[in-house]
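Below: the structure, in structure tokens.
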Amino acid sequence: MGGEDKIQDIDDVCHNANPLESIAVDGTPFSVLMDRAVRLKTYQLSSERFKFESYPRFMQNTIFHGWGDGDIAKEIRNTRQDTISLEQKMNVARRIKNQGKEHFENGRFEESCNHYEMASGIFCYLENKNPRWKEEGIKDCFV
Numbered sequence: 011m012g013g014e015d016k017i018q019d020i021d022d023v024c025h026n027a028n029p030l031e032s033i034a035v036d037g038t039p040f041s042v043l044m045d046r047a048v049r050l051k052t053y054q055l056s057s058e059r060f061k062f063e064s065y066p067r068f069m070q071n072t073i074f075h076g077w078g079d080g081d082i083a084k085e086i087r088n089t090r091q092d093t094i095s096l097e098q099k100m101n102v103a104r105r106i107k108n109q110g111k112e113h114f115e116n117g118r119f120e121e122s123c124n125h126y127e128m129a130s131g132i133f134c135y136l137e138n139k140n141p142r143w144k145e146e147g148i149k150d151c152f153v
């Protein structure tokens with residue numbers, strides 16, 4: 011019977027809408043433990059990115075705009091090359107801004123803000139020089 015109980019527990023976890031809520035370590039839900047771990051890591055890294063944290067949120071977010079495989083991320087990476095003219099940058103920024111306007115008109119305000127942020131970030135942005143930043147975190151010495 012012990013094995014059947016474990017199978018039932020696994021089924022409960024797999025079919026739960028939020029499986030992290032059903033997992034507990036010493037009675038503490040896993041989601042609470044993860045939240046605490048994230049807060050601790052954020053606090054530990056905050057001393058190494060004091061300058062980064064002093065920037066406005068929209069400027070901090072520019073560090074992430076060129077990451078990823080999406081079309082906009084690729085376009086943003088391309089505009090950050092020294093060989094790109096101001097006119098080319100303006101065209102890309104206008105296109106991204108217009109996508110933001112479409113999102114706004116359709117009530118997708120968060121997407122709208124993200125696109126406006128990316129459009130302005132074409133001209134003024136932060137860049138992380140550490141290729142291992144995802145593992146090591148964002149540190150002022152690399153921004």
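FYI, in the numbering used here the residues of the sequence shown are 11 to 153. All C-beta atoms, glycine included, are put in the ideal place defined by N, C-alpha and C.
Here Ile-132 really is in contact with Ala-103; their C-beta atoms are around 4 Å apart, less than 8 Å.
A Cβ-Cβ contact shorter than 9 Å links Asn-124 with Gly-110. With respect to Arg-59, Val-153 sits close: the two C-beta atoms are nearer than 9 Å. Taking C-beta atoms under 8 Å as the contact rule, Tyr-126 and His-75 fail to qualify, at a distance of about 12 Å. In the three-state scheme derived from DSSP, where H, G and I count as helix and E and B as strand, Thr-38 is classed as strand.
Sequence-distant Cβ neighbours of Lys-107 in its own chain, meaning closer than 8 Å and more than five residues away, are His-125, Tyr-126 and Ala-129. Judged by DSSP secondary structure, Gly-110 falls within the alpha helix (DSSP H) whose first and last residues are 96-115.
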